[in-house]
Amino acid sequence: MVTAKFAIGQLITHSLYGYRGVIIDADPTFSLSDDWYQRMATSQPSKQQPWYHVLVNNSSIQTYVSESNLDPDFTEQAIQHPMVDLVFCGRSQGQYLLADKIN
Numbered sequence: 001m002v003t004a005k006f007a008i009g010q011l012i013t014h015s016l017y018g019y020r021g022v023i024i025d026a027d028p029t030f031s032l033s034d035d036w037y038q039r040m041a042t043s044q045p046s047k048q049q050p051w052y053h054v055l056v057n058n059s060s061i062q063t064y065v066s067e068s069n070l071d072p073d074f075t076e077q078a079i080q081h082p083m084v085d086l087v088f089c090g091r092s093q094g095q096y097l098l099a100d101k102i103n
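Note that full-length UniProt numbering numbers the sequence shown so that position 85 is 85, with each residue one more than the last.
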């Protein structure tokens, strides 16, 4: 069983590229195509670890990042991304609160 280090709504910083973001989903292991991995995962992190869907601060980008490339972000500064208000319904103690799903 794989245990995730980060939770949905948690603020993170990418350890290699330095950008901040918020986690919106997690996969227990890599779940995209081998082609995507070869093109986009330039540091070639292990596929056998949690991977996270992240909204990137100050952009409209959503990215997919391995757990080994993430650090917790304790700044508690809000994430500026157009999807934040669609996914979350506020913040508490530095973490975003997931909005209720309709379906």
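Note that CB positions come from ideal geometry on N, CA and C, so glycine has one too.
One thing to note: GLY21 has its Cβ within 8 Å of the Cβ of ILE12.
For the 8 Å CB-CB criterion, ALA26 and ALA4 form a contact. In this chain, the beta strand (DSSP E) harbouring LEU98 covers 95 to 98. Around the beta-carbon of PRO50, 16 or more other beta-carbon atoms lie within 10 Å, marking it buried. Excluding its 5 nearest sequence neighbours in each direction, LEU16 has C-beta neighbours in its own chain below 8 Å: SER43, ASN69, listed in chain order. Here the C-alpha atom of GLU67 lies approximately 24 Å from the C-alpha atom of ALA99. In the three-state DSSP reduction, ASP85 falls in the helix class (H, G or I). Put simply, the backbone Cα of VAL56 is about 23 Å away from that of ASP34. Every unbroken stretch of the alpha helix (DSSP H) spanning 4 or more residues and falling wholly within the stretch 30 to 65 is given here in chain order: 34 to 40.
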